[in-house]
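These protein sequence lines are chains A and B, in that order. Using the numbering used here, you'd call the opening residue of the first sequence number 2 and step up by one each time. Using the numbering used here, you'd call the opening residue of the second sequence number 657 and step up by one each time. Idealized CB from N, CA, C, for every residue including glycine.
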Amino acid sequence: MSTALARNTKVMNRFDLTSRLVAKLKNEEAVVGGIGNTNFDLWAAGHRQQNFYMLGSMGLAFPIALGVALAQPQRRVFALEGDGSLLMQLGCLSTIATLAPKNLTMVIMDNGIYQITGAQPTPAAASADLIAIALASGLANSAWAADEEDFERLIEQSLVADGPTLIGVRIDDKPGTGSTPRDPVQIRERFMQGLGVRQPL
Amino acid sequence: MAAAETALSWHQIVLQTLKRNDIRLVPYVPDRVLTPLIRNLHADPFFNVFATAREEEAVGIVSGAWMGGMRGAMLMQTSGFATLANVLASIVVPSQIPLIMFVSERGTLGEFNWGQSLVCRTMRPVLDSLAMEHHTCTRLDEFEFITDRSIKQAITTQAPVALILSPLLTGGKTLDK
Chain A
2 MSTALARNTK
12 VMNRFDLTSR
22 LVAKLKNEEA
32 VVGGIGNTNF
42 DLWAAGHRQQ
52 NFYMLGSMGL
62 AFPIALGVAL
72 AQPQRRVFAL
82 EGDGSLLMQL
92 GCLSTIATLA
102 PKNLTMVIMD
112 NGIYQITGAQ
122 PTPAAASADL
132 IAIALASGLA
142 NSAWAADEED
152 FERLIEQSLV
162 ADGPTLIGVR
172 IDDKPGTGST
182 PRDPVQIRER
192 FMQGLGVRQP
202 L
Chain B
657 MAAAETALSW
667 HQIVLQTLKR
677 NDIRLVPYVP
687 DRVLTPLIRN
697 LHADPFFNVF
707 ATAREEEAVG
717 IVSGAWMGGM
727 RGAMLMQTSG
737 FATLANVLAS
747 IVVPSQIPLI
757 MFVSERGTLG
767 EFNWGQSLVC
777 RTMRPVLDSL
787 AMEHHTCTRL
797 DEFEFITDRS
807 IKQAITTQAP
817 VALILSPLLT
827 GGKTLDK
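Structure follows, in structure tokens:
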């Protein structure tokens, strides 16, 4: 029996959860969306200038968000990452645990598959528990969300936590809802404007 | 001025030049040659310096920090650079991130590990294929000029740069050290 089946957590939907998160954002919080469906659903949930959409560099959503969090400690930074992406860069969990930025909230969208390439199962799908890995990496505020209400509660809780938070959500196998325009310079420039680092010409 | 500059060691020059250019964030994956630099960076409260598990991670952190308004530079050795082709091509170059990289050059001028010497040969072709600025630093009397100007150029042109620290500059690593 797989670990995923043993979890007492509802299978939710990426777009729905992303929309719930975005609806809560009132303070120009930064959001970094990992490659593929994760940032497609972030785009579809309604573009904001404080969103950064990744177009490659699988696995770097959490490191990029960590960099933003270090540069702007007064701003809340969210990072949305797929389970397959995180598997590429598990070491970053230890780095984040060591630096322990209070303003970083991470979400793992875990469907156990590489949905976008044809729904092949990840090597972790049947055996590993990403939240257990995060806890063992030193990220004490790591938990699976039991359902949508629990996800929203964990998001709220992360805003007042004394360290970084990681929230695992089990999601279905649906593809992303939208498609992010693939213009890396414009994405980067708008993000910097959204963070107050740049002014438009 | 010139005499005072040349009296500094290569790693003192790196530290001072980073500071002069307000580069505070320095993630690294260590190398024997970089040890005195890493030690001195840790000892200076101006810097936020820390190890990452992998070089790609440091690229992500420096890129995120740049977009958030904080300047950074990363330290690694040649074999670490060899892990970066994907992230250089998919975020740093197309997003115009002024990633400043210091690469301790292993694999040449006295290398004793065949794997290091082979992986070293991949470094400049990767940099050239992405049309990335890079300099091989061999002389102490030129080093401050190259480092300071390259950092300023990276930031003003929003383009990455690799400063390759040759054994001619650092002494390198040999079998007996």
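Between residue i and residue j, which are expected to be in contact by the criterion C-beta below 8 angstroms, what is the C-beta distance as a whole number of angstroms?
{"i": "Gln733(B)", "j": "Asp784(B)", "result": "Contact flag wrong, Cβ pair sits at about 20 angstroms."}
{"i": "Ala1(A)", "j": "Gly35(A)", "result": "Since the first residue shown for chain A is 2 and the last is 202, residue 1(A) is missing from the structure and cannot be characterised."}
{"i": "Ala741(B)", "j": "Val782(B)", "result": "5 angstroms"}
{"i": "Leu140(A)", "j": "Leu167(A)", "result": "5 angstroms"}
{"i": "His698(B)", "j": "Val689(B)", "result": "That belief does not hold up - the Cβ atoms of His698(B) and Val689(B) are roughly 16 angstroms apart, past 8 angstroms."}
{"i": "Ile156(A)", "j": "Lys25(A)", "result": "6 angstroms"}
{"i": "Val198(A)", "j": "Gly725(B)", "result": "4 angstroms"}
Rounding to the nearest angstrom, what Cα-Cα distance links residue i and residue j in this structure?
{"i": "Gly57(A)", "j": "Tyr115(A)", "result": "15 angstroms"}
{"i": "Phe737(B)", "j": "Leu71(A)", "result": "24 angstroms"}
{"i": "Leu674(B)", "j": "Pro165(A)", "result": "29 angstroms"}
{"i": "Met193(A)", "j": "Gln672(B)", "result": "28 angstroms"}
{"i": "Gln814(B)", "j": "Pro754(B)", "result": "5 angstroms"}
{"i": "Cys93(A)", "j": "Thr830(B)", "result": "31 angstroms"}
{"i": "Ala135(A)", "j": "Val748(B)", "result": "27 angstroms"}
{"i": "Glu713(B)", "j": "Phe703(B)", "result": "18 angstroms"}
{"i": "Trp44(A)", "j": "Ser773(B)", "result": "45 angstroms"}
{"i": "Arg710(B)", "j": "Val685(B)", "result": "7 angstroms"}
{"i": "Pro185(A)", "j": "Asp832(B)", "result": "47 angstroms"}
{"i": "Pro74(A)", "j": "Leu67(A)", "result": "10 angstroms"}
{"i": "Pro122(A)", "j": "Leu91(A)", "result": "18 angstroms"}
{"i": "Gly60(A)", "j": "Trp145(A)", "result": "20 angstroms"}
{"i": "Ala125(A)", "j": "Phe799(B)", "result": "47 angstroms"}
{"i": "Leu54(A)", "j": "Leu22(A)", "result": "Reading off the sequence shown, one finds Tyr at residue 54(A), where the question assumed Leu. Rounded to the nearest angstrom, the two C-alpha atoms are 16 angstroms apart."}
{"i": "Ser180(A)", "j": "Ser806(B)", "result": "37 angstroms"}
{"i": "Ala46(A)", "j": "Leu786(B)", "result": "34 angstroms"}
{"i": "Leu196(A)", "j": "Gln51(A)", "result": "6 angstroms"}
{"i": "Lys27(A)", "j": "Ile188(A)", "result": "21 angstroms"}
{"i": "Thr4(A)", "j": "Ala127(A)", "result": "At Thr4(A), the pLDDT of 47 sits below 50, so the modelled position is not reliable; the number obtained from the coordinates is stated separately. Their Cα atoms are separated by approximately 6 angstroms."}
{"i": "Arg191(A)", "j": "Phe768(B)", "result": "48 angstroms"}
{"i": "Gly169(A)", "j": "Leu100(A)", "result": "21 angstroms"}
{"i": "Ile138(A)", "j": "Leu202(A)", "result": "The question names Ile, yet the displayed sequence has Ser at residue 138(A). Rounded to the nearest angstrom, the two C-alpha atoms are 43 angstroms apart."}
{"i": "Arg780(B)", "j": "Asn696(B)", "result": "29 angstroms"}
{"i": "Met657(B)", "j": "Pro692(B)", "result": "At Met657(B) the pLDDT is 49, less than 50, meaning the model places this residue with poor confidence; the figure from the coordinates comes in the next sentence. Rounded to whole angstroms, Met657(B) to Pro692(B) spans 24 angstroms at the Cα level."}
{"i": "Ala147(A)", "j": "Thr10(A)", "result": "4 angstroms"}
{"i": "Ser20(A)", "j": "Phe152(A)", "result": "12 angstroms"}
{"i": "Met2(A)", "j": "Val759(B)", "result": "Confidence at Met2(A) is low in this model, with a pLDDT of 40, below 50, so its placement is unreliable and no value can be given for it."}
{"i": "Ser735(B)", "j": "Val670(B)", "result": "21 angstroms"}
{"i": "Ile756(B)", "j": "Ala120(A)", "result": "37 angstroms"}
{"i": "Val743(B)", "j": "Glu150(A)", "result": "36 angstroms"}
{"i": "Pro750(B)", "j": "Cys776(B)", "result": "25 angstroms"}
{"i": "Arg8(A)", "j": "Ala98(A)", "result": "24 angstroms"}
{"i": "Arg49(A)", "j": "Ile65(A)", "result": "17 angstroms"}
{"i": "Leu6(A)", "j": "Arg171(A)", "result": "In this prediction, Leu6(A) has a pLDDT of 48, which is less than 50 and means its spatial position is unreliable; what the coordinates show is noted afterwards. Their Cα atoms are separated by approximately 11 angstroms."}
{"i": "Pro816(B)", "j": "Asn677(B)", "result": "15 angstroms"}
{"i": "Ala707(B)", "j": "Leu18(A)", "result": "33 angstroms"}
{"i": "Gln200(A)", "j": "Gly771(B)", "result": "47 angstroms"}
{"i": "Thr803(B)", "j": "His667(B)", "result": "11 angstroms"}
{"i": "Glu789(B)", "j": "Ser143(A)", "result": "41 angstroms"}
{"i": "Ala162(A)", "j": "Glu29(A)", "result": "19 angstroms"}
{"i": "Leu664(B)", "j": "Val69(A)", "result": "34 angstroms"}
{"i": "Leu819(B)", "j": "Pro701(B)", "result": "24 angstroms"}
Check the Cβ of residue i against every Cβ in chain C and list those closer than 8 angstroms, keeping chain order.
{"i": "Val32(A)", "result": "In the structure shown, chain C does not exist; the protein chains are A and B."}
>> Below 8 angstroms, how does it come out for the segment 725 to 742 of chain B and the segment 678 to 686 of chain B: are there three or more Cβ pairs, yes or no?
In response: Contact between the segment 725 to 742 of chain B and the segment 678 to 686 of chain B is present: 3 or more CB-CB pairs across the two stretches fall below 8 angstroms.
>> Under 8 angstroms: do the segment 124 to 134 of chain A and the segment 100 to 108 of chain A share three or more Cβ pairs, one atom per stretch?
In response: Short answer: they don't touch.
> Is the segment 786 to 794 of chain B touching the segment 714 to 725 of chain B, taking contact as three or more C-beta pairs under 8 angstroms?
Replying inline: no
> Going along the segment 46 to 68 of chain A in order, which residues come within less than 9 angstroms of chain B, judged by CB to CB distance?
Replying inline: For the segment 46 to 68 of chain A, which is checked against every Cβ of chain B, the residues closer than 9 angstroms are Phe53, Met55, Leu56, Gly57, Ser58, Met59, Gly60, Leu61, Ala62, Phe63, Pro64, Ile65, Ala66, Leu67, Gly68.
> How about the segment 169 to 177 of chain A and the segment 9 to 16 of chain A: do they share at least three Cβ pairs that are nearer than 8 angstroms?
Replying inline: yes
>> For a minimum of 3 consecutive residues, which ranges assigned as the beta strand (DSSP E) are wholly contained in the segment 7 to 83 of chain A?
In response: Runs of the beta strand (DSSP E) lying entirely within the segment 7 to 83 of chain A and spanning at least 3 residues, in chain order: 31 to 34, 52 to 54, 78 to 83.
> Between the segment 78 to 93 of chain A and the segment 37 to 56 of chain A, do three or more beta carbon pairs fall short of 8 angstroms?
Replying inline: Touching, yes, given that three or more Cβ pairs across the two stretches are closer than 8 angstroms.
> Touching or not, the segment 762 to 773 of chain B and the segment 810 to 824 of chain B, by the rule of three or more beta carbon pairs under 8 angstroms?
Replying inline: yes
> In the segment 726 to 769 of chain B, which residue ranges form an unbroken beta strand (DSSP E) of at least 3 residues, counting only runs that do not cross its ends?
Replying inline: 729 to 733, 756 to 760
> Which residues, in chain order, does the segment 704 to 722 of chain B contribute to contact with chain A at a C-beta distance below 9 angstroms?
Replying inline: Asn704, Phe706, Ala707, Thr708, Ala709, Arg710, Glu712, Glu713, Ala714, Val715, Gly716, Ile717, Val718, Ser719, Gly720, Ala721, Trp722
> Mind listing which residues of the segment 719 to 746 of chain B have their C-beta closer than 8 angstroms to chain A's C-betas, in chain order?
Replying inline: Across the segment 719 to 746 of chain B, CB contacts with chain A closer than 8 angstroms involve Ser719, Gly720, Ala721, Trp722, Met723, Gly724, Gly725, Met726, Gly728, Asn742, Val743, Ala745, Ser746, in sequence order along the chain.
>> Below 8 angstroms, how does it come out for the segment 22 to 34 of chain A and the segment 72 to 83 of chain A: are there three or more Cβ pairs, yes or no?
In response: yes
>> Please list, in chain order, the residues of the segment 172 to 186 of chain A that have any C-beta partner in chain B closer than 7 angstroms.
In response: Closer than 7 angstroms at the C-beta level to chain B, one finds these residues of the segment 172 to 186 of chain A: Pro185, Val186.
> Which residues, in chain order, does the segment 777 to 788 of chain B contribute to contact with chain A at a C-beta distance below 9 angstroms?
Replying inline: none
>> Going residue by residue through the segment 117 to 176 of chain A, where are the continuous alpha helix (DSSP H) segments of at least 4 residues, counting only ones entirely within it?
In response: You should have 131 to 137, 149 to 160.
>> So if I threshold CB-CB distances at 8 angstroms, which residues from the segment 751 to 774 of chain B count as touching chain A?
In response: Ser751, Gln752, Ile753
> Of the residues that make up the segment 94 to 116 of chain A, which ones have a beta carbon closer than 8 angstroms to any beta carbon in chain B?
Replying inline: Ser95, Thr96, Thr99, Leu100
>> By the 9 angstroms beta-carbon criterion, what residues does the segment 677 to 688 of chain B contribute toward chain A?
In response: Leu681, Pro683
> Quick one, which residues of the segment 127 to 141 of chain A are near chain B if we go by CB-CB under 8 angstroms, in chain order?
Replying inline: none
> Got a sec: which bits of the segment 73 to 96 of chain A sit with their beta carbon under 7 angstroms from any beta carbon on chain B, in order along the chain?
Replying inline: Residues of the segment 73 to 96 of chain A with a C-beta less than 7 angstroms from any C-beta of chain B: Gln73, Gln90, Gly92, Cys93, Ser95, Thr96, listed in chain order.
> What are the residues of the segment 187 to 202 of chain A that lie near chain B, defined by any Cβ-Cβ distance shorter than 7 angstroms?
Replying inline: Arg189, Phe192, Met193, Leu196, Val198
>> Quick check for students: name the residue ranges of the alpha helix (DSSP H) that lie wholly in the segment 701 to 726 of chain B, counting only runs of 4 or more.
In response: 711 to 723
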